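*Asks:* The following block contains the structure, expressed as structure tokens.
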Amino acid sequence: ILSPPPAGTFAFGYIPGMIIIWFVETILFVICIQVFFAFGVNTSPDSTSEERDDGFIIFWLFASFFVFAVTTEVGKYLILKYARLVWPNALEMKGSIIMTVAGALGFSISNNVILLLIHASYENWDIGTTFLWAIYLSFVLDTVHCLTAYYIALSVIRKEIFDHDLKLYHILSVPIIARGILVFCSSPIAAFLNGAVMWTVIIIVELVIIAGLLLLIKHSQSKLPREHIERGGYFTVLGVGSEPESMNLELEEGVNEGKEVEVQN
């Protein structure tokens with residue numbers, strides 16, 4: 002089975018992320034709004050403080066975690082799983098990371114552009130405000146999407162190539178929780194705050210999420226053999242190859258003697 006070229010690998014992830022994941026998430030969100038609205042729940046973050054009751058919080062908790070988070074993170078996972086069915090011997094770590102991050106960028110960029118257009122038109126933003134929000138969305142939301150995609154790809158590789166004992170909830174729980182908290186703190190929680198307090202809370206929460214994801218990626222990469230990582234030239238800055246020396250020695254001896262070495266988790 003031929004390996005897809007780098008551009009094809011990126012496009013195979015980016016296009017489904019841009020079209021399928023965004024479309025499914027949008028449809029589910031609209032359905033969610035209609036269901037809660039039918040029960041008399043106010044769902045708008047722009048509503049007055051008197052209208053933000055318990056139903057408002059419940060709606061945004063449900064939408065943040067079960068609509069936005071589950072749809073996007075499961076979508077990234079499914080893109081990679083399908084691609085590995087098409088190219089089972091081609092997509093090892095590097096190709097898997099490229100494809101999953103591409104899917105994340107495809108969704109995030111298309112979603113950010115639409116959000117900017119809607120808000121700029123609806124709230125009559127000037128060029129400066131629109132530009133500042135574009136920077137915020139790019140540096141924060143895109144970063145979180147890429148980090149969760151990176152984590153998913155690493156977990157799938159650990160499970161399928163190195164036979165690590167990882168269940169589906171191990172792979173998806175961290176990305177779903179991170180994405181859910183990000184959405185919940187960016188929309189409904191922000192509606193209760195104003196000005197500097199709002200931005201302080203949002204920035205602190207988002208920095209904690211990004212730092213937490215980086216630490217978890219570092220931990221996940223530390224479970225991979227250094228020989229595999231160094232051979233592929235991957236991201237050693239995040240702690241790759243910090244597994245016990247005995248594993249590296251075993252790998253080196255196996256390679257020198259021409260033997261196959263089984264990597265233990």
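Heads up, the sequence shown is in the numbering used here, so the first residue is 2 and it goes up one at a time. In this text, a Cβ means the ideal position worked out from N, Cα and C, and glycines have one as well. The structure displayed is predicted, hence computed values, not measured ones.
Do F69 and V184 have their beta-carbon atoms positioned less than 9 Å apart in this structure?
*Replies:* Start at 1 with the first residue of the sequence shown, and residue 184 comes out as number 183. Start at 1 with the first residue of the sequence shown, and residue 69 comes out as number 68. Yes.
*Asks:* Relative to the C-alpha of S187, which candidate in F30, S174, V87 and W61 has its C-alpha closest?
*Replies:* In the sequence shown, counting from the first residue as 1, residue 187 sits at position 186. It is W61 whose Cα lies nearest to the Cα of S187.
*Asks:* Return the Cβ separation of I80 and M100 in integer angstroms, given the expectation that the two are a contact with Cβ distance under 8 Å.
*Replies:* One-based indexing of the sequence shown puts residue 80 at position 79. One-based indexing of the sequence shown puts residue 100 at position 99. Right, their Cβ atoms sit about 7 Å apart.
*Asks:* Quick one: measure Cβ to Cβ for I278 and G76, integer angstroms, because I've assumed they're closer than 8 Å.
*Replies:* Residue 278 lies beyond the stretch modelled for the chain, which goes from 2 to 266, so this question has no answer here.
*Asks:* Give a yes or no on whether the C-beta atoms belonging to W23 and S156 are separated by under 9 Å.
*Replies:* The residue given as residue 23 occupies position 22 in the sequence shown. The residue given as residue 156 occupies position 155 in the sequence shown. No. Outside cutoff.
*Asks:* Evaluate G18 with the Cβ neighbour count: other Cβ atoms within 10 Å of its Cβ, from every protein chain shown; 16 or more gives buried, anything less gives exposed.
*Replies:* Locating residue 18 in the sequence shown gives position 17, where the first residue counts as 1. By the 10 Å Cβ count, G18 comes out buried.
*Asks:* Count the C-beta pairs between the region 164-184 and the region 205-218 that are closer than 8 Å, then say yes if the count reaches three, no if not.
*Replies:* Taking 8 Å as the limit for Cβ pairs, the verdict is that the region 205-218 does touch the region 164-184.
*Asks:* Among the candidates V31, A39, W200 and F40, whose CA atom is the shortest distance from the CA of A64?
*Replies:* Position 63 of the sequence shown, counted from the start, is the residue given in the question as residue 64. Nearest C-alpha to A64: V31.
*Asks:* With A276 as the anchor, note down where its alpha helix (DSSP H) starts and where it stops.
*Replies:* Past the edges of the chain, shown from 2 to 266, lies residue 276, and the structure says nothing about it.
*Asks:* Assign S221 to one of two classes, buried (16 or more other C-beta atoms within 10 Å of its C-beta) or exposed (fewer than that).
*Replies:* Reading the sequence shown from its first residue, position 220 is the one you call residue 221. Classification for S221: buried.
*Asks:* Pick helix, strand or coil for D55, following the three-state DSSP scheme.
*Replies:* Taking the first residue of the sequence shown as 1, we reach residue 55 at position 54. In the structure shown, D55 sits in a helix (DSSP, three-state: H, G or I).
*Asks:* May I have the straight-line CA-CA distance separating L138 from T44, to the nearest angstrom?
*Replies:* Position 137 of the sequence shown, counted from the first residue, corresponds to residue 138. Position 43 of the sequence shown, counted from the first residue, corresponds to residue 44. Taking the straight line joining both Cα atoms gives about 22 Å.
*Asks:* Within its chain, find whatever has a CB closer than 8 Å to the CB of A135; leave out the 5 residues flanking it on each side and keep chain order.
*Replies:* Stepping through the sequence shown from its first residue, residue 135 is reached at position 134. Hits under 8 Å: N113 and L117.
*Asks:* So, with DSSP's three-state summary, where would you put M19?
*Replies:* Position 18 of the sequence shown, counted from the first residue, corresponds to residue 19. The answer is helix: DSSP assigns M19 an H, G or I state.
*Asks:* Using the three-state DSSP reduction, which class does W200 fall into: helix, strand or coil?
*Replies:* Sequence index remark: in the sequence shown, residue 200 carries index 199 (1-based). Note: W200 maps to helix in three-state DSSP.
*Asks:* Taking all protein chains shown into account, do 16 or more other C-beta atoms lie within 10 angstroms of the C-beta of L296, making it buried, or fewer, making it exposed?
*Replies:* Because the chain here runs from 2 to 266, residue 296 falls outside it and cannot be looked at.
*Asks:* Just checking my contact of H146 with A105 at CB under 8 Å: how many whole Å lie between their CB atoms?
*Replies:* In the sequence shown, the residue the question calls residue 146 occupies position 145. In the sequence shown, the residue the question calls residue 105 occupies position 104. That belief holds up - the Cβ atoms of H146 and A105 are roughly 4 Å apart, short of 8 Å.
*Asks:* Report the rounded CA-to-CA distance for L216 versus Y78, giving the unit in angstroms.
*Replies:* As a working note, residue 216 is residue 215 in the sequence shown. As a working note, residue 78 is residue 77 in the sequence shown. Distance between the alpha carbons of L216 and Y78 is about 20 Å.
*Asks:* Do you know offhand how far V206's Cα is from L133's?
*Replies:* Walking along the sequence shown from the start, residue 206 turns up at place 205. Walking along the sequence shown from the start, residue 133 turns up at place 132. Using only the alpha carbons, I get a separation of about 19 Å.
*Asks:* Would you check if the distance between the CB atom of Y152 and the CB atom of L214 is smaller than 9 Å?
*Replies:* Mapped onto the sequence shown, residue 152 falls at position 151. Mapped onto the sequence shown, residue 214 falls at position 213. Cβ distance < 9 Å, so Y152 and L214 count as in contact.
*Asks:* Whose C-beta lies closer than 8 Å to the C-beta of E126 among residues of the same chain, with five residues either side of it excluded?
*Replies:* Your numbering for residue 126 matches position 125 in the sequence shown. Note on residue identity: the sequence assigns Trp, not Glu, to residue 126. Contacts found: H120 and W134.
*Asks:* Please state whether DSSP places K77 in a helix, a strand or coil.
*Replies:* Translated into the one-based positions of the sequence shown, residue 77 becomes position 76. Three-state DSSP puts K77 in a helix.
*Asks:* For N43, which three-state DSSP category applies?
*Replies:* For this step, residue 43 is matched to residue 42 along the sequence shown. Coil, per DSSP.
*Asks:* What does a CB cutoff of less than 7 Å around L142 pick up in its chain, not counting 5 residues either side in sequence?
*Replies:* In the sequence shown, residue 142 corresponds to position 141, counting from 1. Once the five neighbours on either side are set aside, the close Cβ partners of L142 are S109 and N113.
*Asks:* Please list the terminal residues of the continuous alpha helix (DSSP H) segment that includes W134.
*Replies:* Looking up residue 134 in the sequence shown gives position 133. I128 to Y137 is the extent of the alpha helix (DSSP H) around W134.
*Asks:* Is the beta carbon of E74 closer than 9 Å to that of T130?
*Replies:* Position 129 of the sequence shown, counted from the start, is the residue given in the question as residue 130. Position 73 of the sequence shown, counted from the start, is the residue given in the question as residue 74. Going by C-beta atoms, T130 is not nearer than 9 Å to E74.
*Asks:* How long is the line joining the alpha carbons of L3 and V102, rounded to whole angstroms?
*Replies:* Position 2 of the sequence shown, counted from the first residue, corresponds to residue 3. Position 101 of the sequence shown, counted from the first residue, corresponds to residue 102. Since pLDDT at L3 reaches only 44, below the 50 mark, its modelled position is unreliable, and no value is offered.
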